[in-house]
Every structure is written in structure tokens, then in C-alpha cells.
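This report concerns only the one structure given below.
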Amino acid sequence: MVQYSYFPGCNLKTNAKGFEETAIAVSKKLNSELVEIPNWNCCGTVHTMTTDNLMKRIAPVRVLARSKNHLEDLKDTSNHVVTLCSMCNSTLKIVNEEVKENPDDLETINFQLEEDNETYSIDMEVKHFLEVLRDSIGFEQIRSNVVKPLEGLKVSPYYGCMLLHPEKAKIDDIEMPTVLEDLMESLGAEAIFSPLFKYCCGSYHIVDQEDIVAGQVEKIVEAARVRGANALAVACPLCAYNIDQQQKVIDEKTGRKDSLPVFYFSQLMALAFGESLEINHFEDHEIDPRILLEELKLL
Amino acid sequence: MSYEYIKFGQEEKDFIEKIQEISGQNIYSCYQCGKCSAGCAFSNKMDKTVNQLIHFIQMGQKEKVLKANTHWICASCLTCTIRCPREIDVAALMEAVREYILREEPEKMKIADIPKDVLNKLPNIALVGSFRKKTG
Chain A
1 MVQYSYFPGC NLKTNAKGFE ETAIAVSKKL NSELVEIPNW NCCGTVHTMT TDNLMKRIAP
61 VRVLARSKNH LEDLKDTSNH VVTLCSMCNS TLKIVNEEVK ENPDDLETIN FQLEEDNETY
121 SIDMEVKHFL EVLRDSIGFE QIRSNVVKPL EGLKVSPYYG CMLLHPEKAK IDDIEMPTVL
181 EDLMESLGAE AIFSPLFKYC CGSYHIVDQE DIVAGQVEKI VEAARVRGAN ALAVACPLCA
241 YNIDQQQKVI DEKTGRKDSL PVFYFSQLMA LAFGESLEIN HFEDHEIDPR ILLEELKLL
Chain B
300 MSYEYIKFGQ EEKDFIEKIQ EISGQNIYSC YQCGKCSAGC AFSNKMDKTV NQLIHFIQMG
360 QKEKVLKANT HWICASCLTC TIRCPREIDV AALMEAVREY ILREEPEKMK IADIPKDVLN
420 KLPNIALVGS FRKKTG
């Protein structure tokens, strides 16, 4: 069994428990276990784009340093720190590249970290779990673990911004990604292309400018629906929350009843692999995916 | 056709210099092709489009820049950054304008005003992201 140093990030412990539990379950089945870093901290969520603020870069560098120390406890491991949340993925990857380019900045950051007897020496590589699935495990092995093909599920992959932007953090081709499509097809589902696959959902504006998010979600969902999708697959807990919750708000306002359930890609893997239903935490979803799954006889 | 005369003195130059310093971008690289605004998912919500805001920065028009809502509507999805033919980190310019304001007035958003049930319901990444973008 290969073991990976795994950085959950805060949301996987609160709103997105189904994402984490299903990902860990399927990782074990694929002999590539995700093992949580014991003392991780928040990565800062959004990466600062200022040139002069090192303070906001300390948290993600500390994560990388702790992940490096964590490798000593793991078996058959590589220098990868694996993330599930696409915002963590983006923040950690960007900062890792930045400190490579600016060794002076790293020295200043390390000066702070040394207070806790930690240092970072640019020796980790940040990988999103989707990259591990594609590059290290391979879709063939995923396909061979499927016991319940997701027949009838027409799922539109929604990448969101942070899996593909910026150049430093992309996990696939920026304008024409295929990793989620390939994964969905290896699970027996039909992948439906939507041109709004990375059209921003409004992100953190949900806190104080909900109308912006509502407008974005309406367009994203409609683009998938008119192309025949009956579900969406995502990799970001914020995209998932925004799309799921805003559809509920739109439904209540307009009385529509054709909302699309939002799945994390790992939930669909767990379903296809025949894992227990509880780990999906479908009770946390506003648009209950179990209704669709029952219709398609996938439960 | 009417013309507007603008002042271009030391104050204007200082503003341009500061935005370039915070963002690390050369504002004059922009040749106003408009691709950033064309691809922006939020252009319809902005009172000035992204390239208009950049033009104001190029001209040092601080008041017009600070009055626009463009940089507060920007959600840092970075679509403009990856598509800019001049390889300008456009989103970093938006961030620089936000930072310029927040370094003087650090509370664009008052955290204490957010109702408790909203705070309890929202995902951590929404809260942390928004606090980092809208408070100094």
C-alpha cells in the first residue's frame, strides 16, 4: 500500500465530510492511502497576489514543512502532499512555486517557522487527488474496481476556477481539461460537456453579496441542464456549497423542481466501488442526490 | 464629442507607482485589447469593466479607480490572468487596488455585522476567503 501525506483543509472537516470520507475510502481500495498530516493548519484559502505581503504566505509554507516531517511516519511514500480541496491545492501549489523563485522570501518565512523548530526547504510537491488518480493510479485500475457502474447518470463535470487557474496551479489543460470526464467515464457514467465548466461560481461573495453567486449558479446549472445533464460533479467544497445551496434558494423563489444534485467526484467513485452509503453524508446536501440515485436504481 | 482634461502630476504618478509596487505588474504593458473584460464572468455586475479600470490606473486617475466597484466584484477566478495576451496578472492588479484601499481603511466588510446563523452555516473557506479579501 502506497501512503500519501494528505492535507485536508478546514472544510473537509465541516461542510464537506462526505468528500473526505469517500476519498479516503476509495484511496484505500486503490492501494494509495491518504494519511492526514497530524498537525496541519489552515492554508489561508485564497492566495495573496500582492508582492510585498509575506505574512499571508507563512501558513501555506508551514503546511508544506509539516507535511515533509509527516513523511517519516509513512510507508512507501513520495514527496507528495495530496489535497482534495481545490482552493487548498491552488494556494499550496502557488506558494511552493513562489518560494522556489524567491529564495530570499523563503529565508524570511523560515525565520518565522524556526520559532516552532520548523523549516521548509522546497522539497515537497503538491498534488491534487485527481492528479494522483490520473497519473499514479490510472483510470484502468479505477475501472477494475467498479462493482456498480453508474449507468444512467449523466454528469456534467464542473471544474471551477481553482483546479485550472493560474498556470502554476493547474492540474490539467487550462481551457480543455479532461480529467473529470475520463474519471466519470471510467465509473460508467456519461460525461456531459458544459461550456461553463469553469465559469466562476462567485466564490467567497456568498458571505456578503449573495446575489452575485445566485446569478452565476443559475447560468452554470442551466448550461449543464440544457445539454441533458442530470447531475454535476465538482472538486471544490465552496463550488459545491454555492451551487447546491443557491439552487435551493432559486427553487424556493421560482417553484422549479428540476435542480441538479451536486456530487463530489469521490462520492461517485465510492458509489461505483460499492462503499457504504453513510460515508457520502448525503444528508448535508440541500438537493438530495438520493432521489436521483433511487430513480436510476443506483442505491 | 467632448473631451475631459485630466491632471497628471506627482500625486497621479505616485498612485500608479504604488499599484505597480503592490501588484508587481507593469501597468503600461496593457494595450487595452479588452480580453480581460470579455472573458470576465462578472462584467455585467461591474460599473467599470476591467480594462476601463486598468486605463484609469494608467492615467493615474485615483479617485475614479477607488470609486469603481470593479475590484470588489472581482472574485479572483484568474480567468483574465491566464488569458491576457500581454501576460499581465490582471487579477493581481485588482488585488492591488483592494489592498491600496484596505491599507488605509481596513474594513470593507464588518465581520461583526454578519448574523450569527449565517456565520454558522457558511463554509469556512467562504469566510476565510472573504475576510482575507475584504479586510486589511
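Residue numbers (this note's numbering), protein chains in the order written: chain A, 1 to 299; chain B, 300 to 435.
Here a beta-carbon is modelled for each residue, glycine too, at the ideal position from N, C-alpha and C.
Keep in mind it's a predicted model, so treat the numbers as computed, not measured.
For the stretch 142–174 of chain A, the residues whose beta carbon sits under 7 Å from a beta carbon of chain B are, in order, Cys161, His165, Pro166, Glu167, Ile174. If you compare the alpha carbons of Cys10(A), Asp182(A), Arg134(A), Gly18(A) with that of leucine 421(B), the shortest gap goes to Cys10(A).
Contiguous alpha helix (DSSP H) elements confined to the stretch 307–374 of chain B occur at 309–322, 334–338, 349–357, 361–366, 369–372, taking only those with 4 or more residues.
For histidine 205(A), no alpha helix (DSSP H) encloses it, and the DSSP letter there is neither H nor E. Taken through DSSP and simplified to helix, strand or coil, glutamate 175(A) comes out as coil.
With a cut-off of 8 Å on Cβ pairs, the stretch 250–263 of chain A is in contact with the stretch 279–287 of chain A, counting three or more such pairs. A straight line joining the alpha-carbon of leucine 164(A) with that of cysteine 376(B) spans about 10 Å. Counting along the chain, the unbroken beta strand (DSSP E) around phenylalanine 263(A) starts and ends at 262–264. The continuous beta strand (DSSP E) containing alanine 231(A) extends over residues 231–234. Our two residues, leucine 92(A) and methionine 55(A), have alpha carbons roughly 15 Å apart in a direct line. The stretch 179–193 of chain A makes no contact with the stretch 113–125 of chain A, as fewer than three CB pairs between them are under 8 Å. Of the residues assessed, alanine 272(A) falls on the buried side of the cut-off, its CB having 16 or more other CB atoms within 10 angstroms.
One finds Gly44, Thr45, Val46, Thr48, Lys56 in chain A with Cβ atoms closer than 8 Å to the Cβ of arginine 431(B), taken in chain order. Residue range 2–7 is occupied by the beta strand (DSSP E) that includes phenylalanine 7(A). With at least 16 other beta carbons inside 10 angstroms of its own, threonine 48(A) counts as buried.
Think of a sphere of 7 Å around the beta carbon of histidine 205(A): the chain B residues whose beta carbon falls inside it are Ala374, in chain order. Interface flag for proline 177(A) against chain B is unset, since no Cβ pair is found closer than 8 Å. Beyond the five residues adjoining it in sequence on each side, methionine 1(A) comes within less than 6 Å, by CB distance, of Asn31, Glu33 in the same chain, given in chain order.
Around the beta-carbon of proline 405(B), fewer than 16 other beta-carbon atoms lie within 10 Å, marking it exposed. Contact annotation: lysine 334(B) and cysteine 383(B) have beta-carbon atoms nearer than 8 Å.
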